[in-house]
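**Q**
Numbering (the working numbering), first residue to last: 7 to 480.
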């Protein structure tokens, strides 16, 4: 995927266990005289939506339209939770149960490290779901995807009461499951256990083959369409009822805190699928989002801007054939990282030792090497009606396979001057006996503060001589 889909029209309804995540931050400079524990001087506190609330906030942060159904107590924590949700553009349909406190998790943090977590919760074991289900069924026609976020606190005690109406209405249902009985989620579109949760149900899986077999068996047993297993540093594995398996490597650069990463995964999946993305593309985005959020402290969300930047960073790590507009975006991102751009161009009809040596030398003059290639029509004009020997796509494919070439693109004009003037590379390179002042685009490069350089070809090696030699041999 090159660009993010438009999430603004994605409509997601989230149902599940709500909680307030509270954080007390402070300095730690001594050990208590009362016990061998650090003394934290609390200087700041904050509250964030947790559980299904964090899922909803993640969807809103990505630009999706989201509503949230859930249970809270009738207390100050419920008020704070609703304020936080509404300030994040989450439409709230919260049922207050005076008999129970709002589920709250308090984390004491010092020097960016969590020292202890205190849980205040009784769950909602005996609540009457009839009113919440009535609201749910009334809301279903306005949404594309339903997310059930089950933390085992009682809201989703009977998952089928929530799955069946949504499926009957033609909606996709994604479930973040809890417990050892996944048959409770029978008929869901997709469930997203982590590896530990999956193995607790399916048994230990040593190697991908065992995991794949267990995943497909669970899909069949629970009548699921897909199963997504999050595997930490091993990335993710997506299995479908068709038998297709996709293993995605982790995108995390640095793991700081895994709190809420599962919420980010299912939120990104939901908003992408609601925006019309196939489950495979949605999973790739979810994998990228998870890699971003684990670099943050506590329950956190990923914005569309961060996800777009992540896609760009991902593409910066890849080499290949690109369009001109893609190239401009990639070059901008590379320059933002302080990288030096080298540009060259040519026909590159039969790639030979002279070409390879020249391109390798060019690549060492900067951080990124861009190679522009003449289309077939201009090669014929330059070299004669019998050329090119290899068509454009083949020539670009071979160039892109060279490890020191970053991006390859075609140009249709007689010279690449327009492209060079748009790109403004830091270094324009040509080979042979070219006059640096006569190279197309040289003036634009110099005006932008760049440099023009001519490299020496290996003597006696050229495509023309190779073609002539072949003709003589035949």
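The beta-carbon is built from N, C-alpha and C at its ideal position, and this holds for glycine as well.
Mark residue 400 as exposed unless 16 or more other C-beta atoms lie within 10 angstroms of its C-beta, in which case mark it buried.
**A** Within the chain shown, numbered from 1, the residue matching residue 400 stands at position 394. With fewer than 16 Cβ atoms within 10 Å of its Cβ, residue 400 is classed as exposed.
**Q** May I have the straight-line CA-CA distance separating residue 396 from residue 363, to the nearest angstrom?
**A** Here residue 396 corresponds to residue number 390 of the chain shown, with the count starting at 1. Here residue 363 corresponds to residue number 357 of the chain shown, with the count starting at 1. One C-alpha to the other measures close to 20 angstroms.
**Q** Quick check on DSSP: helix, strand or coil for residue 333?
**A** Here residue 333 is taken as the residue at index 327 of the chain shown, counted from 1. Note: residue 333 maps to helix in three-state DSSP.
**Q** In whole angstroms, what is the alpha-carbon distance linking residue 211 and residue 243?
**A** Counting from 1 along the chain shown, the entry for residue 211 is found at position 205. Counting from 1 along the chain shown, the entry for residue 243 is found at position 237. Going from the Cα of residue 211 to the Cα of residue 243 covers about 13 angstroms.
**Q** Could you give the DSSP three-state label for residue 188: helix, strand or coil?
**A** The residue you call residue 188 lines up with position 182 of the chain shown. It is helical.
**Q** To the nearest angstrom, how far is it from the Cα of residue 313 to the Cα of residue 233?
**A** Taking the first residue of the chain shown as 1, we reach residue 313 at position 307. Taking the first residue of the chain shown as 1, we reach residue 233 at position 227. About 23 angstroms.
**Q** Sort out for me which residues DSSP pairs residue 413 with in a bridge.
**A** Residue numbering aside, residue 413 sits at position 407 when the chain shown is read from its first letter. DSSP, once it has assigned bridges, lists 326, 376 as partnering residue 413.
**Q** Does residue 263 pass the burial test, meaning 16 or more other C-beta atoms within 10 Å, or should it be called exposed?
**A** Within the chain shown, numbered from 1, the residue matching residue 263 stands at position 257. For residue 263, the pLDDT reaches just 46, beneath the cut-off of 50, and the residue's location in the model is therefore unreliable, leaving the point undetermined.
**Q** Am I right that residue 156 and residue 342 are in contact with their C-beta atoms under 8 angstroms? What's the rounded C-beta distance?
**A** Here residue 156 is taken as the residue at index 150 of the chain shown, counted from 1. Here residue 342 is taken as the residue at index 336 of the chain shown, counted from 1. Not really, about 41 angstroms apart at Cβ, beyond 8 angstroms.
**Q** Can you tell me the Cβ-Cβ gap for residue 431 and residue 409, rounded? I've got them flagged as a contact below 8 angstroms.
**A** Stepping through the chain shown from its first residue, residue 431 is reached at position 425. Stepping through the chain shown from its first residue, residue 409 is reached at position 403. At roughly 20 angstroms, the Cβ-Cβ gap does not stay under 8 angstroms, so residue 431 and residue 409 are not in contact.
**Q** What does the alpha-carbon distance come out to for the pair residue 35 and residue 195?
**A** Taking the first residue of the chain shown as 1, we reach residue 35 at position 29. Taking the first residue of the chain shown as 1, we reach residue 195 at position 189. Answer to the nearest angstrom: the Cα atoms are 51 angstroms apart.
**Q** Would you kindly check if the distance between the Cβ of residue 81 and the Cβ of residue 55 is under 9 angstroms?
**A** Looking up residue 55 in the chain shown gives position 49. Looking up residue 81 in the chain shown gives position 75. In this structure, residue 81 does not lie closer than 9 angstroms to residue 55 by Cβ.
**Q** Using 8 angstroms as the threshold, is the stretch 182-189 in touch with the stretch 249-258, meaning 3 or more CB pairs across them?
**A** no
**Q** Might you give, ordered along the chain, the residues of its own chain that have their beta carbon closer than 8 angstroms to the beta carbon of residue 130, omitting 5 neighbours on each side?
**A** Here the question's residue 130 lines up with position 124 in the chain shown. If we look at residue 130 and ignore the five residues flanking it on each side, its Cβ neighbours are 77, 103, 106, 159, 160, 161.
**Q** Can you give me the C-alpha to C-alpha distance between residue 60 and residue 300, rounded to a whole angstrom?
**A** Within the chain shown, the letter at position 54 stands for residue 60. Within the chain shown, the letter at position 294 stands for residue 300. Roughly 14 angstroms separates the two Cα atoms.
**Q** Threshold first: 4 residues or longer. Then list the alpha helix (DSSP H) segments lying entirely within the stretch 149-210, N to C.
**A** 166-174, 201-208
**Q** Output the distance between the C-alpha atoms of residue 422 and residue 442, rounded to the nearest integer angstrom.
**A** Along the chain shown, read from residue 1 onward, the residue named residue 422 stands at position 416. Along the chain shown, read from residue 1 onward, the residue named residue 442 stands at position 436. Just so you know, the alpha carbons of residue 422 and residue 442 end up roughly 15 angstroms apart.
**Q** Could you tell me whether the stretch 147-155 touches the stretch 115-124, where touching means 3 or more Cβ pairs closer than 8 angstroms?
**A** No, the stretch 147-155 does not touch the stretch 115-124.
**Q** Within 10 angstroms of its Cβ, does residue 220 collect 16 or more other Cβ (buried), or is it exposed?
**A** Working through the chain shown from its first residue, we reach residue 220 at position 214. Here residue 220 is buried: its Cβ has 16 or more other Cβ atoms, across all protein chains shown, within 10 Å.
**Q** Report the rounded CA-to-CA distance for residue 127 versus residue 241, giving the unit in angstroms.
**A** Within the chain shown, numbered from 1, the residue matching residue 127 stands at position 121. Within the chain shown, numbered from 1, the residue matching residue 241 stands at position 235. So the alpha carbons of these two residues sit roughly 32 angstroms apart.
**Q** How close, in whole Å, do the beta carbons of residue 451 and residue 368 come, if the pair is a contact with beta carbons under 8 angstroms?
**A** Taking the chain shown and counting its residues from 1, one reaches residue 451 at position 445. Taking the chain shown and counting its residues from 1, one reaches residue 368 at position 362. 14 angstroms between Cβ atoms; not a contact.
**Q** Give the DSSP bridge partners of residue 27, in chain order.
**A** The sequence position of residue 27 within the chain shown is 21, counting from 1. Answer is 54, 111.
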